[in-house]
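Counting in the numbering used here, the sequence shown runs from 171 upward without gaps.
Backbone N, C-alpha and C define an ideal beta-carbon position, used for all residues, glycine too.
Predicted model, so just to flag it, every value in this text is computed and none were measured.
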Amino acid sequence: MVAETDVVVIGGGMAGVTAAHHLVAYREVVVLEREDQLAQHTTGRSAAVYLENYGGLLNRALTIASRPFLDDPGDLADAPLLEACGALDVVPEESVAEATALAAEGTRLVPSIRLVDQAEALALHPAVRPEHVAAAIWEPEASAMDVMALHQAFVRGAHAGGAAFHRGAEAVQLEPTDDGWLVTTPNATWHAAAVVNAAGAWGDVVAERAGVRPVGLVPMRRTAFTCAAPPEAAGWPLLHANYAPGPCYLKPETGDQLLGSLADETPSDPVDARPEELDIAIAIDRLTTLTNLEIRHVRTSWAGLRTFAPDRDPVIGWDDELPGFCWMVGQGGTGIQTAVAAGATVAGIVTGSGVPQEVQDLGATEAAFSPLRLRT
Ligand SMILES: Cc1cc2nc3c(=O)[nH]c(=O)nc-3n(C[C@H](O)[C@H](O)[C@H](O)COP(=O)(O)OP(=O)(O)OC[C@H]3O[C@@H](n4cnc5c(N)ncnc54)[C@H](O)[C@@H]3O)c2cc1C
């Protein structure tokens, strides 16, 4: 038997649930998630950081436009989804000129960021060894995010609007029809006018199953771990380094814990990513070189796939080759902080109202989001 709906969303990570939440006011929606639980892949493995001064223009626009909801999610969450911590991006002497230019450029969209000198950087993060910081870019409004509460808010909103969620429901076959798509899982088939491909690292796999040309997504593994924090870490900001002793970051978590990463980007097949011991060892080496921390014991470690389009911008929009196939992929390292506005954007594109005005006002256009930019 074939069930009817308006839109089938493939993927129950952050991209899929925000798409569903923003679409339910206008369309009947079915969400298909292959795993038995939602958010099992990249969404459940992030560092949970909100940074406005990060990534290209599209990511910055979506991040900034997402902020009002994150500050006040109304009755979809019990508390604000952001908690300010600030972020300090330290730079060595030889890179100060480059950082000065980056900070100046960054203030166009994020006026609160500024370059601080060594003394102020060390006051903001006393654990950093002075030899590794000549200056730093300071983003005072950077925040920690409650990722699961945000995901749950979208699920709650989508449910309230009538969306149906099917877990353990892999879209194994996608077949174009005269007026839409037939999407088949091992247990059921849906007919819908449109499909939203929010399958994360599997975005190109889903496209191939639909007979749609892939856009060239590259999943990149990133590894993270947690360890005990010294008592004074409670007031520390997020610490990030891009230069010597090598890329790494350190985030104070709630309680007595720190989250560390070597900010790795290792190309991968779309798989259930696992952490490599060597990557954790490198991360610890860099962080203990950059700071005076001692890290003797790793509490937990994990890895997830940050999936990028070739130009590292998000891909949101209709495919040009087969009607009714809408892409929502390539969220890379910002799929949580951009999720609110990305969901509104995909809903605007699917319903024909286009990219929301608040996103356009920040310089992001439908053409810039479109997969057509990647077709040669
Ligand atoms: C270590 C790490 C740190 C990060 N830190 C941050 C951060 O601080 N801030 C931030 O904004 N972002 C961060 N990110 C990135 C962020 O987590 C991702 O951009 C985001 O989670 C992507 O969400 P998604 O829904 O696209 O992918 P996923 O969460 O992977 O969801 C895709 C879903 O599609 C399902 N699926 C695939 N194929 C099918 C199919 N055929 N049928 C049905 N279902 C299917 C999968 O099972 C999966 O559940 C980080 C990522 C990592 C790994």
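Around the beta-carbon of Ala473, 16 or more other beta-carbon atoms lie within 10 Å, marking it buried. With respect to Thr212, Gly386 sits apart: the two C-beta atoms are not nearer than 7 Å. Annotation: the continuous beta strand (DSSP E) that includes Gly487 extends over 485 to 488. Of the candidates Asp434, Leu457, Arg391, Leu457 places its Cα closest to the Cα of Lys421. Straight across, the Cα-Cα distance linking Asp245 with Asp287 is about 42 Å. Per DSSP, Pro389 lies in no alpha helix (DSSP H); the unbroken beta strand (DSSP E) holding it starts and ends at 388 to 398. In the DSSP assignment, Ser282 forms no beta bridge with any residue.
For Val365, the enclosing beta strand (DSSP E) has its first and last residue at 364 to 367. The secondary-structure analysis by DSSP pairs Phe335 across a beta bridge with Val201. Trp372 sits in a helix when the DSSP states are folded into three classes. With a cutoff of 7 Å on beta-carbon distance, Ala380 and Phe495 are scored as near each other.
Where Gly276 is concerned, the enclosing alpha helix (DSSP H) starts and stops at 266 to 276.
Trp406 has no beta-bridge partner at all, per DSSP. Annotation: the stretch 427 to 502 contains the following complete segments of the alpha helix (DSSP H) (minimum length 4 residues), in chain order: 447 to 460.
Nearest in C-alpha terms to His336, of all of Ile180, Thr396, Ser523, is Ile180. For Ile450, the CB stays at least 6 Å from every heavy atom of ligand 1.
Out of Gln501, Asn367, His302, Glu309, the CA that lies nearest to the CA of Pro281 is found in Glu309. Here DSSP, grouped into helix, strand and coil, assigns Gln288 to helix. Taking 6 Å as the cut-off, one finds no heavy atom of ligand 1 near enough to the beta carbon of Leu457. Distance check between Arg215 and each of Thr233, Gly183, Arg230 places Gly183 closest, using alpha-carbon atoms only. In the DSSP assignment, Ser236 falls within the unbroken alpha helix (DSSP H) covering 227 to 241. Taking all protein chains in view, the Cβ of Pro541 is crowded by 16 or more other Cβ atoms within 10 Å, so the residue is classified as buried.
In the DSSP assignment, Leu344 falls within the beta strand (DSSP E) that extends over 343 to 347. In the structure shown, the three-state DSSP call for Ala297 is coil.
Under the Cβ criterion (8 Å, minimum of three pairs), the stretch 406 to 418 does not count as touching the stretch 483 to 495.
If you draw a straight line from the Cα of Arg204 to the Cα of Leu352, it comes to about 17 Å. Per the DSSP secondary-structure output, Ser313 pairs in a beta bridge with Tyr220, Ala254.
For His211, the Cβ falls inside the 6 Å cut-off from some heavy atom of ligand 1. The straight-line gap separating the alpha-carbon atoms of Val178 and Gly373 is approximately 14 Å. Cβ-Cβ distances below 8 Å link Pro262 to His302, Val303, Ala304, Tyr413, Ala414 in the same chain, with the five nearest sequence neighbours on each side left out; the list follows chain order.
Val516: member of the alpha helix (DSSP H) spanning 509 to 521, first to last residue. Ranked by Cα distance from His191, the options Thr461, Leu409, Phe324 are led by Phe324.
Taking each of Leu475, Val376, Gly186, Gly256 in turn and checking the Cα distance to His410, the smallest one comes out for Gly256.
By the C-beta criterion, the stretch 473 to 488 is judged to be in contact with the stretch 501 to 508, since at least 3 inter-stretch pairs fall below 8 Å.
By the Cβ neighbour-count rule, Pro445 is buried, with 16 or more other Cβ atoms within 10 Å of its own. The Cβ-Cβ distance between His295 and Leu240 does not fall below 7 Å.
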